[in-house]
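Notes follow the structure.
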Amino acid sequence: MEETCNMQEIVKPENLVYKKSSLLLDKTFTYCPGCGHGTVTRILAELIEELGLQKQTVGVSPVGCSVLLYAFMDIDFQQAAHGRAPAVATGIKRLLPDRFVFTYQGDGDLAAIGTSETIHACNRGENILIIYINNGIYGMTGGQMAPTTIPGMKSSTSPRGRNVQTMGYPLKITDIAATLPGTYYVTRQSVHTPAAVRKTKKAMRRAMEYQSLNRGLCFIEIVSNCPSGWKMTPVESIKWMEENMLPYYPLGDLKTPAGENTNQ
Amino acid sequence: MAKIKGNIVIDTEKCKGCELCIASCPSKVIDAAKELNEKGYHYAYPAKHEQCTGCANCAIVCPDGVITVYKAKI
Ligand SMILES: Cc1ncc(C[n+]2csc(CCOP(=O)(O)OP(=O)(O)O)c2C)c(N)n1
Ligand code: SF4
Ligand code: SF4
Ligand code: SF4
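Quick mapping for you: the protein sequence lines, in order, are chains W and D. Following the numbering used here, the numbering of the first sequence begins with 12 at its first residue and continues without gaps. Following the numbering used here, the numbering of the second sequence begins with 5 at its first residue and continues without gaps.
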């Protein structure tokens, strides 16, 4: 009994270690259970709050489950047509250069229909941050194959697994972004374990700080899960991601500002 | 001797029962409830909260941000 009293006593404001960011509106996220989109939404809100950027941030939403982000965060948002978020973000940043402008895009949006906008924004060195969630499929529309679907991976349009002979190879667009002179910081992270979330938050903070220097585009890929599209439980999807996605999309920095080693 | 003790509060109505927190807790504090919440999920709850160290791993992986963590010396 005494133990229980002590336990309840711990729950006091002065003992707080973690609570969700106050930038998040009092709504239930509408992502599926266990979806990495929720985790990234959460840490992004934490960072905008911690860096005091709420008033100067403009987010650009894509098409896909990633679009839902704008409904949960108390910052300015603009939605773009499918794949066009980097072009819209370019316009916003050029007209309002004092703003922190980011896009938040899925792999279908960024690496299929929006390939051109992505590559050219990177190559022009626009001073924006691209956050790219790679779950290997089109989540929102029912788990179809995306350019990022890994060899052998099943999707609703590759039910026997992706055959590279007929369906081509997965596109590692982050690797391409790293080769372009306009990008300043390019990294690939994940949010599937507490350690991975901490690293992603560190990388994202770095990218947001670099962004204020206006030295080029920062690009963060987050390898993520889609339990609904992959037809797995969230815990199974994490394991599958670790065993199959991460060997294909290895984590770490792909490009760091000259003279700095930020690989973690 | 003073001991570090943690405790968590889960907003069980907003929990989606994904169990990622259960898989991430090093102290095996959290369990899935047999009952369902309003949304129909077997929500997570701190079944053995006396074992909690306040490490915040569970809150950091929770995709829905429904876990709040506290820690104190007692
Ligand atoms: C011009 C246009 N083409 C196609 C669609 C249908 N569509 C909606 S979401 C989506 C794919 C999104 O996939 P992804 O970017 O991977 O995001 P996720 O849902 O996985 O987060 C598609 C093809 C659309 N809305 N507009
Ligand atoms: S469909 Fe997939 S990507 Fe979309 S919210 Fe559900 S789990 Fe996440
Ligand atoms: S704070 Fe740490 S020990 Fe406590 S329930 Fe969460 S993961 Fe487990
Ligand atoms: S991680 Fe969050 S949403 Fe998932 S079961 Fe735990 S408390 Fe519920």
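Just so you know, even glycine gets a beta-carbon here, dropped at the ideal spot from N, CA and C.
Which of helix, strand or coil does DSSP assign to residue i?
| i | result |
| --- | --- |
| Lys9(D) | strand |
| Lys242(W) | coil |
| Glu25(W) | helix |
| Gly119(W) | helix |
| Cys62(D) | helix |
| Ile187(W) | helix |
| Ala76(D) | strand |
| Ile161(W) | coil |
| Ser32(W) | coil |
| Asn174(W) | coil |
| Ser127(W) | helix |
| Cys43(W) | coil |
| Thr204(W) | coil |
| Lys38(W) | coil |
| His48(W) | helix |
| Val99(W) | helix |
| Tyr180(W) | coil |
So, for residue i: in the same chain, excluding its five sequence neighbours on each side, which residues have a beta-carbon less than 6 Å away from its beta-carbon?
| i | result |
| --- | --- |
| Tyr47(D) | Thr16, Cys19, Gly21, Ala37 and Asn41 |
| Ile193(W) | Reading off the sequence, residue 193(W) comes out as Gly, not Ile. Excluding sequence neighbours, Gly193(W) sits near Cys133, Asn134, Arg135, Gly136, Gly227 and Leu228. |
| Thr198(W) | Ala214, Ile231 and Asp264 |
| Asn11(D) | His53, Cys56 and Tyr74 |
| Trp241(W) | Ser248 |
| Asn145(W) | Asp118, Thr159, Glu232 and Val234 |
| Tyr143(W) | Gln116, Leu121 and Glu232 |
| Thr129(W) | Pro97 and Leu121 |
By DSSP's criteria, residue i is part of a beta bridge. Which residues make up the other side?
| i | result |
| --- | --- |
| Asn145(W) | Val234(W) |
| Lys266(W) | Val197(W) |
| Asp87(W) | Val69(W) |
| Phe111(W) | Thr68(W) |
| Ser248(W) | In DSSP, Ser248(W) forms no bridge with anything. |
| Cys229(W) | Leu140(W) and Tyr196(W) |
| Asn156(W) | Per the sequence shown, residue 156(W) should be read as Met rather than Asn. Answer is Ile148(W), bridged to Met156(W). |
| Ile71(D) | Ile14(D) |
| Ser169(W) | Ser166(W) |
Enumerate in chain order the residues of its own chain whose CB-to-CB distance from residue i is below 7 Å, with the five nearest sequence positions on each side excluded.
| i | result |
| --- | --- |
| Ala76(D) | Lys9 |
| Leu182(W) | Ala122, Pro158 and Thr159 |
| Glu13(W) | Any reading at Glu13(W) must be qualified, since the residue scores a pLDDT of 45, below 50, and its modelled position is unreliable; the value itself is stated next. So the list is empty, once near-sequence residues are dropped. |
Evaluate residue i with the Cβ neighbour count: other Cβ atoms within 10 Å of its Cβ, from every protein chain shown; 16 or more gives buried, anything less gives exposed.
| i | result |
| --- | --- |
| Asn236(W) | buried |
| Ile127(W) | For the record, residue 127(W) in the displayed sequence is Ser; it is not Ile. Answer is exposed; the Cβ neighbour count stays below 16. |
| Leu55(W) | buried |
| Arg105(W) | exposed |
| Gln19(W) | exposed |
| Thr41(W) | exposed |
| Glu23(D) | buried |
| Gly179(W) | exposed |
| Val112(W) | buried |
| Lys43(D) | exposed |
| Asn138(W) | buried |
| Arg173(W) | buried |
Taking 8 Å as the limit between beta carbons, can you name the residues of its chain near residue i, skipping five residues before and five after?
| i | result |
| --- | --- |
| Asn17(W) | none |
| Gln89(W) | Val69, Gly70, Val71, Ser72, Val99 and Ile103 |
| Leu35(W) | Thr52, Arg53, Ala56, Phe83, Met84 and Asp85 |
| Lys38(W) | Ala82 and Phe83 |
Anything in chain C within Cβ reach of residue i, meaning under 8 Å, just list it in chain order.
| i | result |
| --- | --- |
| Thr204(W) | Judged by its chain identifiers, the structure shown contains no chain C, and its protein chains are W and D. |
Q | Continuous beta strand (DSSP E) assignments of at least 3 residues falling wholly in the segment 8-60 of chain D | A | 8-14, 34-36 and 48-50
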